[in-house]
Amino acid sequence: MAFSRAAIRTLTSSPVCCLMQPLRKRIVPIFLLHRFTDDRRNIQGHTQEHLESVLSYLGSHGYSVVSVREVVESVIEGKPLPPRSVAFTLDDGFFDQARILPIFERYKAPVTLFLATDMVDHQHWSWDYKLEYLFKKTSLETLELDLGYGLTKVSFSQPNEKRRLVRNLKNLHKGMPNQQTEAALLQFAERLGVNLPSTAPEEYEPITWDQARNLESPFIEFGPHSQRHVILSRVSSEESEREILGSWEALKKNLVNPLPIFCYPSGREGIDFGTREQKIVENAGFKAALSADPGYVDLVNPAKNNLYSLKRFSFPNDMTYFKQYCSWLEYAKEQISIT
Ligand SMILES: [Zn+2]
Numbered sequence: 027m028a029f030s031r032a033a034i035r036t037l038t039s040s041p042v043c044c045l046m047q048p049l050r051k052r053i054v055p056i057f058l059l060h061r062f063t064d065d066r067r068n069i070q071g072h073t074q075e076h077l078e079s080v081l082s083y084l085g086s087h088g089y090s091v092v093s094v095r096e097v098v099e100s101v102i103e104g105k106p107l108p109p110r111s112v113a114f115t116l117d118d119g120f121f122d123q124a125r126i127l128p129i130f131e132r133y134k135a136p137v138t139l140f141l142a143t144d145m146v147d148h149q150h151w152s153w154d155y156k157l158e159y160l161f162k163k164t165s166l167e168t169l170e171l172d173l174g175y176g177l178t179k180v181s182f183s184q185p186n187e188k189r190r191l192v193r194n195l196k197n198l199h200k201g202m203p204n205q206q207t208e209a210a211l212l213q214f215a216e217r218l219g220v221n222l223p224s225t226a227p228e229e230y231e232p233i234t235w236d237q238a239r240n241l242e243s244p245f246i247e248f249g250p251h252s253q254r255h256v257i258l259s260r261v262s263s264e265e266s267e268r269e270i271l272g273s274w275e276a277l278k279k280n281l282v283n284p285l286p287i288f289c290y291p292s293g294r295e296g297i298d299f300g301t302r303e304q305k306i307v308e309n310a311g312f313k314a315a316l317s318a319d320p321g322y323v324d325l326v327n328p329a330k331n332n333l334y335s336l337k338r339f340s341f342p343n344d345m346t347y348f349k350q351y352c353s354w355l356e357y358a359k360e361q362i363s364i365t
């Protein structure tokens, strides 16, 4: 069931939200943000203007932004949260994300940035970003590729074709062993005639530990997101454990008060991580872990949440859809489709 934009606007207006408040009280959406638009570095993503309108909308419409730490404490210990709570997370740890964090603080909105710590430690950049970069830089417009239905000539002369192709290739490689993906990248670099730098180029520049330390505050927290941002289900058990524990060690070494909540790279439960990773995280003493599967945290029935795979919504770049996920509306829609 999909609502029209006009219907969403009516259903998320203040009087209707007041009426539906008992339903909204029970749930918390955690939003997942990625990169921020930076024209100089040719990065496309969320805009600062949109984020500011969202934060000011929340402030003037009775919502409270809480931290992921508080959401997890509420699930575990039953600590009450303000009605209409909302939480924000950012994944990976890029320079453009570090630059945006003070905006959250200015609106007194807690936020957590999950760091792939080898990015910060060694200027490592992960395979998915390398793939994106190779297609961004190539002067070729076609390539013979097998996208799962035999070898065909694929054209990517238009920006939307290129975006779609990179998305397809990312999904295809997320299902392959990591070693195979790394080897495929070298072949792509050769075939596309692009030099693949060993450390992150400017548009993939990570946050530094100094920056992170200066940003750490009651409003800005940092959590672990693996070391190399590999798909954990596509590496050995030992590697998966090393990625999870290693990123936590790096955070503890470099920061004052890191958040003991893990965030899985790519984050689809049963695809990008599984029960193996959830056990590693639990045995390591993490309080909880976050997936990237869409859904709310349920505070009335805490047992309904899987503490080691808490759900999040991708942050909509459109105010109307943000209101839908933030208000009672999306939750009501989910309940209707379940029952
Ligand atoms: Zn990530």
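Quick note: the numbering used here has the sequence shown finishing at residue 365, numbered continuously throughout. Every residue, glycine too, gets a C-beta built ideally from N, C-alpha and C. Every value quoted in this text rests on a predicted model; they were computed, and no experiment measured them.
Leaving out five residues before and five after E267 in sequence, what residues of the same chain have Cβ atoms less than 6 Å from its Cβ? Once the five neighbours on either side are set aside, the close Cβ partners of E267 are I306.
Answer yes or no: the CB of P372 versus the heavy atoms of ligand 1, is any distance below 6 Å? Summary: the structure shown does not reach residue 372, with the chain confined to residues 27 through 365, and so no result is reported for it.
Give me, in chain order, the residues of the same chain whose beta-carbon lies closer than 8 Å to that of T164; leave out the 5 immediate sequence neighbours on both sides. Here the set comprises L218, G219, V220.
With a CB to CB cut of under 6 Å and the five nearest residues on each side skipped, what residues in its chain are close to F140? Cβ within range, chain order: D117, G249, H251, C289.
Between which two residues does the alpha helix (DSSP H) carrying P185 extend? For P185, the enclosing alpha helix (DSSP H) begins and ends at 185-200.
Please classify F182: does DSSP put it in a helix, a strand, or coil? Three-state result, F182: coil.
Are there any heavy atoms of ligand 1 lying less than 6 Å away from the beta-carbon of D319, as far as the coordinates show? Not so, every heavy atom of ligand 1 lies at least 6 Å from the Cβ.
Evaluate I102 with the Cβ neighbour count: other Cβ atoms within 10 Å of its Cβ, from every protein chain shown; 16 or more gives buried, anything less gives exposed. That one is exposed.
Put E170 into one of helix, strand or coil per three-state DSSP. Of the three classes helix, strand and coil, the one that applies to E170 here is strand, per DSSP.
Ligand 1 heavy atom lying under 6 Å from the CB of D144: With a threshold of 6 Å, the Cβ atom of D144 does not count as near ligand 1, since no heavy atom of the ligand is closer than that.
In or out: R95 buried (at least 16 other Cβ within 10 Å) or exposed? The C-beta of R95 has 16 or more other C-beta atoms within 10 Å across all chains shown, which makes the residue buried.
Which residues does DSSP list as the beta-bridge partners of E247? According to DSSP, which records beta bridges pairwise, E247 is partnered with T138.
For K196 versus D154, is the C-beta distance shorter than 7 Å? For K196 and D154, yes; Cβs fall inside 7 Å.
Just to check, is the beta-carbon of D172 closer than 6 Å to a non-hydrogen atom of ligand 1? The nearest non-hydrogen atom of ligand 1 is 6 Å or more from the C-beta of D172.
Checking 7 Å against the spacing of the C-beta atoms, do Y322 and Y347 come in under that value? With contacts defined as CB atoms closer than 7 Å, Y322 and Y347 fail to qualify as a contacting pair.
G85 CB to nearest chain D CB: under 7 Å? Here chain D cannot be found, since the structure has a single protein chain.
Based on DSSP bridge pairs, tell me the residues matched to P118. Inspection of the sequence shows that residue 118 is occupied by Asp rather than by Pro. Among the bridge pairs identified by DSSP, D118 is matched with L141.
Near G85, which residues of its chain fall below 7 Å by C-beta distance, leaving aside the five closest residues on each side in sequence? Here the set comprises Y133.
Limits of the beta strand (DSSP E) - the one that F348 falls within: Counting along the chain, F348 falls outside any beta strand (DSSP E), though it belongs to the alpha helix (DSSP H) covering 345-352.
Do you know offhand how far S317's Cα is from L241's? S317 and L241: Cα-Cα distance of roughly 25 Å.
Is P284 buried or exposed, if buried means 16 or more other CB atoms sit within 10 Å of its CB? By the Cβ-count criterion, P284 is buried, with 16 or more other Cβ atoms from all chains shown falling within 10 Å of its own Cβ.
Return the CA-CA distance between V256 and Q350, expressed in angstroms with no decimal places. Spanning the two alpha carbons is a distance of roughly 32 Å.
Residues near F182 by beta carbon distance below 6 Å, same chain, minus five either side: Same-chain partners within the cutoff: K188, L191.
For L277, the nearest candidate out of V261, E264, Q253 (CA to CA): Looking at the Cα atoms, Q253 is the closest of the given residues.
Distance, F114 Cα to T36 Cα: Straight across, the Cα-Cα distance linking T36 with F114 is about 25 Å.
For the region 65-121, list the alpha helix (DSSP H) runs that are entirely contained and at least 4 residues long, ordered along the chain. Correct list: 74-86, 94-103.
Tell me which residue opens and which closes the alpha helix (DSSP H) that A238 is part of. Looking at the DSSP string, the run of the alpha helix (DSSP H) that includes A238 is 235-241.
So I233 and A124 are in contact, right, with Cβ under 8 Å, and what is the actual spacing, rounded? I233 to A124, Cβ: 4 Å. Contact.
Kindly indicate the opening and closing residues of the beta strand (DSSP E) around F57. Going by DSSP, F57 is part of the beta strand (DSSP E) stretching over 56-59.
Does the Cβ of D324 lie closer than 6 Å to at least one heavy atom of ligand 1? No, ligand 1 has no heavy atom inside 6 Å of this Cβ.
At 4 residues or longer, and completely inside the region 199-235: list those alpha helix (DSSP H) runs for me, N to C. You should have 204-218.
Cβ of D122 within 6 Å of any heavy atom in ligand 1? At a cut-off of 6 Å, the beta-carbon of D122 does not count as near ligand 1: no heavy atom of the ligand is closer than that.
Pick from V54, F130, S39: whose alpha carbon is nearest that of P320? Closest by C-alpha distance to P320, out of V54, F130, S39, is V54.
Identified DSSP bridge partners for F339: Beta-bridge annotation (DSSP): F339 is paired with F57.
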